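Taking it in order: structure first as structure tokens, then the write-up.
Number of protein chains: 2
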Amino acid sequence: MEAGGLSDPGRGAIRAVTARLRPEVIRPRVRLGEQVLIGPGKIALLRAVAEHGSISAAARAQGMGYKRAWSLLDELQRSFPVPILQTAAGGSKGGGTAITAAGQALLDHYDELERACRAAAAPVLDKIGRLLAR
Amino acid sequence: MEAGGLSDPGRGAIRAVTARLRPEVIRPRVRLGEQVLIGPGKIALLRAVAEHGSISAAARAQGMGYKRAWSLLDELQRSFPVPILQTAAGGSKGGGTAITAAGQALLDHYDELERACRAAAAPVLDKIGRLLAR
Numbered sequence: 007m008e009a010g011g012l013s014d015p016g017r018g019a020i021r022a023v024t025a026r027l028r029p030e031v032i033r034p035r036v037r038l039g040e041q042v043l044i045g046p047g048k049i050a051l052l053r054a055v056a057e058h059g060s061i062s063a064a065a066r067a068q069g070m071g072y073k074r075a076w077s078l079l080d081e082l083q084r085s086f087p088v089p090i091l092q093t094a095a096g097g098s099k100g101g102g103t104a105i106t107a108a109g110q111a112l113l114d115h116y117d118e119l120e121r122a123c124r125a126a127a128a129p130v131l132d133k134i135g136r137l138l139a140r
Numbered sequence: 007m008e009a010g011g012l013s014d015p016g017r018g019a020i021r022a023v024t025a026r027l028r029p030e031v032i033r034p035r036v037r038l039g040e041q042v043l044i045g046p047g048k049i050a051l052l053r054a055v056a057e058h059g060s061i062s063a064a065a066r067a068q069g070m071g072y073k074r075a076w077s078l079l080d081e082l083q084r085s086f087p088v089p090i091l092q093t094a095a096g097g098s099k100g101g102g103t104a105i106t107a108a109g110q111a112l113l114d115h116y117d118e119l120e121r122a123c124r125a126a127a128a129p130v131l132d133k134i135g136r137l138l139a140r
């Protein structure tokens with residue numbers, strides 16, 4: 007019996023939990039081959055830059071180091087032919103980073119992508135939920 | 007200038023490639039919190055079991071070791087209250103593993119989920135494609 011040791015189906019915890027599946031289900035990624043060009047992590051970081059006005063504050067808000075944040079944003083920028091971020095000349099506050107109109111358009115399109123996918127997925131997730139719960 | 011070193015926007019290669027974005031874009035994952043219950047890797051493996059009739063053949067087809075394949079299928083099974091795989095008693099061919107009706111339903115639902123998400127995403131991806139290409 008090749009799969010003889012596979013765990014017994016877990017009847018208990020999952021049933022209670024099926025109703026909570028939907029909100030987490032779709033976090034779109036735009037891929038090119040195996041490379042993720044645009045995904046939920048980079049988008050959250052870009053949104054944090056827009057909110058906080060600097061990469062360092064956005065990194066703190068996302069619980070990551072500055073170098074990691076900078077590297078992710080740099081990756082994201084490389085996919086776009088126009089700047090998605092702009093740096094402010096350092097005045098009394100030492101400059102900062104804002105997003106451009108193209109960066110804001112990216113955030114808006116990603117939100118729309120997420121909403122569209124979630125709406126389309128909902129009826130199918132109901133079916134999968136019934137499979138998990140029966 | 008906090009982000010002064012960010013790479014220049016990459017105007018060349020991406021433009022040619024925008025048209026290829028869509029087919030790869032949506033690979034749905036069903037999450038519960040941070041845990042991925044159902045994702046494209048496990049589904050591909052389950053489909054390979056259905057095609058090849060054994061976990062070991064499915065593992066080979068997916069380019070992974072038997073232990074890794076078994077572990078992924080075991081994780082997937084733990085989310086379901088009914089068996090998604092069944093083992094055959096070992097006759098001359100040494101037994102094997104087939105998928106159950108519930109396993110087949112999972113594959114069908116996942117296909118439907120993928121189709122639904124891709125259809126919903128298409129018009130938004132056109133917008134993102136224009137952002138990548140302009």
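Protein sequence lines, in the order shown, are assigned to chains A and B. The numbering used here applies: residue 7 is where the first sequence begins, and numbers increase by one. The numbering used here applies: residue 7 is where the second sequence begins, and numbers increase by one. Ideal placement from N, C-alpha and C gives every residue a C-beta, glycine not left out. Fair warning: this is a prediction, and the values are worked out from it, not measured in the lab.
Selection from the options that minimises the alpha carbon distance to residue i
i	options	result
B:I44	B:R124, B:D114 and B:M70	B:D114
A:A128	B:A94, B:A128, B:L131 and B:C123	B:C123
A:T93	A:L51, A:I61, A:R35 and A:K133	A:I61
B:L51	B:G135, B:I90 and B:L138	B:I90
A:A104	A:A64, A:K133 and A:E120	A:A64
B:L79	B:V55, B:G69, B:R37 and B:E118	B:V55
B:M77	B:L112, B:G47 and B:D117	Checking the displayed sequence, the identity of residue 77 of chain B turns out to be Ser instead of Met. For B:S77, the nearest C-alpha among the options comes from B:G47.
B:I111	A:L138, A:K73, A:E57 and A:G71	Checking the displayed sequence, the identity of residue 111 of chain B turns out to be Ala instead of Ile. The option with the nearest alpha carbon to B:A111 is A:L138.
B:D132	A:D132, A:Y116 and A:R74	A:Y116
Exposure label - residue i; buried when at least 16 CB within 10 Å
i	result
A:S85	buried
B:A83	Strictly speaking, residue 83 of chain B in this sequence is Gln, with Ala absent from that position. So B:Q83 ends up on the buried side.
A:A125	exposed
A:R53	buried
B:G135	buried
A:K69	The sequence given here places Gly at residue 69 of chain A; Lys does not occur at that position. Under this definition A:G69 is an exposed residue.
A:R121	exposed
B:G109	buried
A:R37	buried
B:P29	Confidence in B:P29 is poor, its pLDDT being 39 and thus under 50, which makes the residue's placement unreliable; the coordinate value appears in the next sentence. Looking at its Cβ environment, which holds fewer than 16 other Cβ atoms inside 10 Å, B:P29 is exposed.
B:I20	Because B:I20 carries a pLDDT of 44, less than 50, the predicted location of this residue cannot be relied on, and the following value inherits that uncertainty. B:I20 should be labelled buried.
B:A25	Annotation note: pLDDT 49 at B:A25 (below 50); position unreliable, coordinate value reported separately. Exposed is the call here.
B:R74	exposed
B:E57	exposed
Rounded distance between the beta-carbons of residue j and residue i, thought under 8 Å
i	j	result
B:A5	B:G101	With chain B covering 7 to 140 only, the question about residue 5 of chain B has no answer from this structure.
A:R33	A:V42	Not confirmed; about 11 Å, so no contact.
B:E118	A:V88	In fact, because the Cβ distance is near 37 Å, the residues do not count as touching under 8 Å.
Inset, instruction - For the region 103-114 of chain A, enumerate the residues whose C-beta is nearer than 8 Å to any C-beta of chain B, in chain order. - result: Look at the region 103-114 of chain A: the residues with a C-beta under 8 Å from a C-beta of chain B are T103, A108, A111 and L112.
Legend entry - Within 8 Å of chain A by C-beta, residues of the region 34-49 of chain B in sequence order: For the region 34-49 of chain B, the set of residues with a beta-carbon nearer than 8 Å to any beta-carbon of chain A comprises P34, R35, V36, R37, L38, G39, L43 and I44, in chain order.
Inset, instruction - Determine which residues of the region 70-94 of chain B have a Cβ less than 9 Å from any Cβ of chain A, and write them out in chain order. - result: Flagged, chain order: W76, L79, D80, E81, Q83, R84, S85, F86, P87, V88, P89, I90, L91, Q92, T93 and A94.
Legend entry - Interfacial residues, the region 114-129 of chain A to chain B, with Cβ spacing under 7 Å: If you check each beta-carbon in the region 114-129 of chain A against every beta-carbon of chain B, the ones closer than 7 Å belong to H115, E118, L119, A122, C123, A125, A126 and A127.
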